[in-house]
Amino acid sequence: MRRIPDPPTEVAPIAASLRGRSEELGVRMARRIRAEVTYYGSEDSVPFAELSASCRRNAELVFGHLAGDPTSDMTPALETGRERARRGDPLADLLHAYRVGSEFLWSELAAEARDAEGVTTDTFVALAGWWVIEGLAAAASDAYREETSELVLQRERERSAMVEALFTGMLTDRTTLWEAAGVLGLPTGGPYVVVASEVPAPGREALPGIEARFRAEELRSAWRLLPDVQIGVVAVQHPGAEDAILRVLERSPASRVGVSPPYRALQDTPRALRLARVALAGVRGQRAGVARFDDSPAALLVASAPDEAGRIARTVFEAVLELPAVERDRLLETLECWYAAAGSAADAAELLYCHRNTVRYRLHRLEELTGRSLRDPRAVADLAVALHALPLLCLDGR
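Following numbering that gives the first Met the number 0, the numbering of the sequence shown begins with 0 at its first residue and continues without gaps.
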């Protein structure tokens, strides 16, 4: 804050007289503010006793400084600014109240100074106005902004800690979960989904501005940035919310994203995160894309034991994985389409835009390479689990 110059000595007796009337002036100033500033017009917003006490302290500060009191400082204005910030009072109304109060003090100073010897009214009012507006209002405004910034940081730290506790399973008690939902701005009951998106580099968000974009779709969410992924829990609270979530995510063209299936209880968030990570693994090797977790028994088995599932996938498809990337991917894509077509070679051929005999040839090739027959239900189950687990492996070109 800028240094306030010393007031002229001839002002001191006038200021000392007015300082002695600070109690009365504080009440009158409070009435003026209450009449002219809408926010301060309600007892619910700011009680009159509190407002008049603040006005009295500010009057004492102004007149004490002009009277040459070396103990006068900006503490009352700073305290007022911080307190209004903590309560969430609008800054514009706080500054409006200071302007109204300043005008009131100027008029009192001008009235007393009019007949004072050696003091010109214009000079005195200019000095008083500069001090009140640039001193008190600026001090209160600076304190308000500093306190607001600290409150924002404090809330963000608290939110970050709550999100981390939610994703790591540290919140289990119903009361604690209820409190966490309140801090994070989430509903206390589901359904929810977890989103996991691969970051472009450590410390950089994969989905910049995602919380605001979801908010625009009336979707509440809470997010956490980890070294490898950006993760979030999103409330699915209205019809069409899941589709809205996917639309928003798909508008992030440079991101790879996995989405968990919906779940009901916040304490299940860690499990949903694992499923979202499994879904994310399904788009690795692609430039971008959004994948939803396939909530099937095979997919659930893979998610529950990812390390073991990866080992199974490598064992089952060992010979296939040794093929050149183009041939390997063609065979695996054919198998995926065969499952999607419920075991129909003709329907799989339509999905692949090829002849049914081509599909049969590729499936037969897979049977030879894996040593498993697609006519054997147990072999079909083995291949399904291994196929779901394939995204957990890092394959060149896939």
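Idealized CB from N, CA, C, for every residue including glycine.
Do the region 223-240 and the region 188-206 meet, that is, are 3 or more Cβ pairs less than 8 Å apart? yes
Can you grab the Cα-Cα spacing for the pair Ser259 / Leu322, in whole Å? 32 Å
Which residues in the same chain as Leu351 place their Cβ atom closer than 6 Å to its Cβ, once the five residues preceding and following it in sequence are excluded? Cys336
Quick one, are the C-beta atoms of Ala318 and Ser254 less than 7 Å apart? no
Are Val192 and Gly231 close, meaning C-beta to C-beta below 7 Å? no
For Val277 versus Pro261, is the C-beta distance shorter than 7 Å? no
What does Tyr191 pair with, by DSSP beta-bridge criteria? Ala234 and Tyr262
For Arg355, tell me which candidate among Ala340, Glu367 and Glu366 has the shortest Cα-Cα distance. Ala340
Given Arg401 as reference, the closest of Ala109, Asp68 and Arg329 once Cα atoms are compared: Residue 401 is absent from the structure shown; the chain starts at 0 and stops at 397.
Shortest alpha-carbon distance to Ala162 belongs to which of Thr268, Ala243, Leu50 and Ser106? Checking the sequence shown, residue 162 turns out to be Val, not Ala. When each option's Cα is compared against that of Val162, the closest is Thr268.
Under 6 Å Cβ to Cβ from Leu24, same chain only, skipping five residues before and after it: list those, please. Ala58
Taking Leu245 as the reference, give the member of Ser41, Ala29 and Ala290 with the closest Cα. Ala290
From Leu406 to Pro46, what does the alpha carbon distance come to, in whole angstroms? Because the chain in this structure spans residues 0 to 397, residue 406 falls outside the shown range and cannot be described.
Who are Val256's beta bridge partners in DSSP? Ser196 and Val289
Would you kindly work out how many angstroms separate the C-alpha atoms of Phe316 and Ala221, rounded to a whole number? 39 Å
Pair within 7 Å by beta-carbon distance, Tyr39 and Ala96: yes
Could you pull the start and end residues of the beta strand (DSSP E) that Arg223 belongs to? Ser220 to Leu224
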